[in-house]
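Take 88 as the starting number for the sequence shown in our numbering and just add one per residue.
Below: one structure, written as structure tokens.
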Amino acid sequence: MQRTALYQQHLAASGKMVDFAGWEMPIHYGSQLNEHKQVRGDAGMFDVSHMVVLDLHGPEVKPYLQQLLANDVARLSVPGKALYSCMLNQQGGIIDDLIVYYLAADCYRLVVNAATRENDLAWMRQQLAGFNVELRERDDLSMLAVQGPQARQKVMALLPALLPDIALDAAAELKPFVGVALRDWFIARTGYTGEDGFEIMIPHAQVAAAWEHLLAAGIAPIGLGARDTLRLEAGMNLYGTDMDITTSPLVSGLGWTVAWEPAARVFNGRAALEAERAAGVPQKFVGLVLQGKGVLRSHMQVVCAAGEGEITSGTFSPSLGVAIAMARVPAACGDSCEVVVRGKLMPANVVKPSFVRNGTPQINV
Numbered sequence: 088m089q090r091t092a093l094y095q096q097h098l099a100a101s102g103k104m105v106d107f108a109g110w111e112m113p114i115h116y117g118s119q120l121n122e123h124k125q126v127r128g129d130a131g132m133f134d135v136s137h138m139v140v141l142d143l144h145g146p147e148v149k150p151y152l153q154q155l156l157a158n159d160v161a162r163l164s165v166p167g168k169a170l171y172s173c174m175l176n177q178q179g180g181i182i183d184d185l186i187v188y189y190l191a192a193d194c195y196r197l198v199v200n201a202a203t204r205e206n207d208l209a210w211m212r213q214q215l216a217g218f219n220v221e222l223r224e225r226d227d228l229s230m231l232a233v234q235g236p237q238a239r240q241k242v243m244a245l246l247p248a249l250l251p252d253i254a255l256d257a258a259a260e261l262k263p264f265v266g267v268a269l270r271d272w273f274i275a276r277t278g279y280t281g282e283d284g285f286e287i288m289i290p291h292a293q294v295a296a297a298w299e300h301l302l303a304a305g306i307a308p309i310g311l312g313a314r315d316t317l318r319l320e321a322g323m324n325l326y327g328t329d330m331d332i333t334t335s336p337l338v339s340g341l342g343w344t345v346a347w348e349p350a351a352r353v354f355n356g357r358a359a360l361e362a363e364r365a366a367g368v369p370q371k372f373v374g375l376v377l378q379g380k381g382v383l384r385s386h387m388q389v390v391c392a393a394g395e396g397e398i399t400s401g402t403f404s405p406s407l408g409v410a411i412a413m414a415r416v417p418a419a420c421g422d423s424c425e426v427v428v429r430g431k432l433m434p435a436n437v438v439k440p441s442f443v444r445n446g447t448p449q450i451n452v
């Protein structure tokens, strides 16, 4: 079992440690519900050092990534600008979803999922054939996510002490989905909660001090349990749950991440996606809101007039006070359905798969 550089800090904060993709990680620090509300109402911090940071260098890194990813890195021209994309096999199945940062014309940074690390690296190295590109895993870096309506303000107040003698104007002016290198730190205005904040990549030797400064500033530690309910409320997919190697972006609510133009760009899985689109995508990815008491869970059966579907992620929403889910259903499914809950059919509304963003409900309940 692997441990992050913050393992002792988790124990000191009474973190309940569990196995997550081979890492010993905190699921909560006493109350998942309180942690969820902390992020929605103020600011919380997550140790996400299990995520995999990869740097790619070389004169042919741009065309390499244009072949590797369904989204087009040619859209990135400002240093630090980020792009969300799926990495597909030739059948259009999702190998992983990731964020790519443009650092320079010959340098990009990718952040991929811990559970898919070995498959990702094997596939990416296989795809290097014919390209003058060097791939380096940055296993010298830890990663903190500080999220919530007060997250940026609180982090910016601490940075002068954490990074003395560094001009911080660039960090203060960061726009969403942009990062900046500050000495050996990398601070990006990205996240996985539907709230504002930063994701910060820090050398292992410095991350414990950063954690303690954040803790002293009233930024509470948050476990993976609340991270899951927060991302689900925000309508953000989880790899291995909402999509995987057997599903395409077109049936996973991620069609918007596929850059079809320019038509001449050949990326892995393009032909399969074009054939799927031409034949008519048979399913769509939706949000569900249960009408009545109960909790929606993964793999529950969904029944609508157009046929049957399945819940991919479900929970009881702490922010909304109702059960919500994301589901894959027939493309012709309307705005209502039923879900099989404990052997009974219960009515649910079909909505866009985004329930809470920036602390604001996106649906009526």
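Cβ atoms here follow ideal geometry from the backbone N, Cα and C, with glycine treated the same way.
- Residue pairing from DSSP places residue 106 in a beta bridge opposite 111.
- CA-CA distance, residue 396 to residue 435, rounds to 13 Å.
- For residue 93, the CB contacts under 8 Å within the same chain, skipping 5 residues up- and downstream, are 134, 136, 229, 294, 295, 298 in chain order.
- Linking residue 359 to residue 211 through their CA atoms gives a straight-line distance of about 19 Å.
- Beta-bridge partners assigned by DSSP to residue 144: 194, 221.
- Taking 8 Å as the cut-off, the Cβ atoms of residue 140 and residue 323 do not count as close.
- Residues of the same chain with a CB within less than 6 Å of the CB of residue 192, apart from the 5 flanking positions on each side, do not exist.
- A direct Cα-Cα distance of roughly 10 Å separates residue 150 from residue 354.
- Judged by DSSP secondary structure, residue 298 falls within the alpha helix (DSSP H) whose first and last residues are 291-303.
- As a beta-bridge residue in DSSP terms, residue 431 pairs with 428.
- Short of 6 Å from the beta carbon of residue 403, and not among the five residues preceding or following it, lie these beta carbons of its own chain, in chain order: 382, 410.
- Judged by DSSP secondary structure, residue 371 falls within the beta strand (DSSP E) whose first and last residues are 370-377.
- Going by beta carbons, residue 234 and residue 327 fall outside the 8 Å limit.
- Beta-bridge partners assigned by DSSP to residue 272: 269.
- In the three-state reduction of the DSSP assignment, residue 175 falls in the strand class, which pools E and B.
- Here residue 288 carries a strand assignment [DSSP, helix/strand/coil].
- Exposed is the label assigned to residue 98, since fewer than 16 other Cβ atoms lie within 10 Å of its Cβ.
- With respect to the C-alpha of residue 222, the residue from 109, 142, 384 having the closest C-alpha is 142.
- Our two residues, residue 449 and residue 318, have alpha carbons roughly 14 Å apart in a direct line.
- Just so you know, the alpha carbons of residue 183 and residue 123 end up roughly 26 Å apart.
- The DSSP-derived three-state label of residue 205 is helix.
- DSSP lists 195 as the beta-bridge partner residues of residue 189.
- Judged by beta-carbon spacing, residue 270 lies within the 8 Å limit of residue 250, meaning their Cβ atoms are closer than that value.
- Here residue 117 carries a coil assignment [DSSP, helix/strand/coil].
- The C-beta separation of residue 109 from residue 88 comes to about 7 Å, placing the pair in contact by the 8 Å criterion.
- With fewer than 16 other Cβ atoms inside 10 Å of its own Cβ, residue 430 counts as exposed.
- Collapsing the DSSP output to three states places residue 396 in a strand.
- Looking at 147, 437, 158, 96, the one whose alpha-carbon comes closest to that of residue 347 is 158.
- Proximity to residue 100 across 370, 156, 307 peaks at 307, based on C-alpha coordinates.
- Counting C-beta atoms within 10 angstroms of its own C-beta, residue 272 has 16 or more neighbours from the protein chains shown and is therefore classed as buried.
- When DSSP reads this structure, residue 401 sits in a beta bridge with 412.
- In terms of CA proximity to residue 406, 119 leads the group 119, 437, 163.
- Between the alpha carbons of residue 266 and residue 416 lies a distance of about 36 Å.
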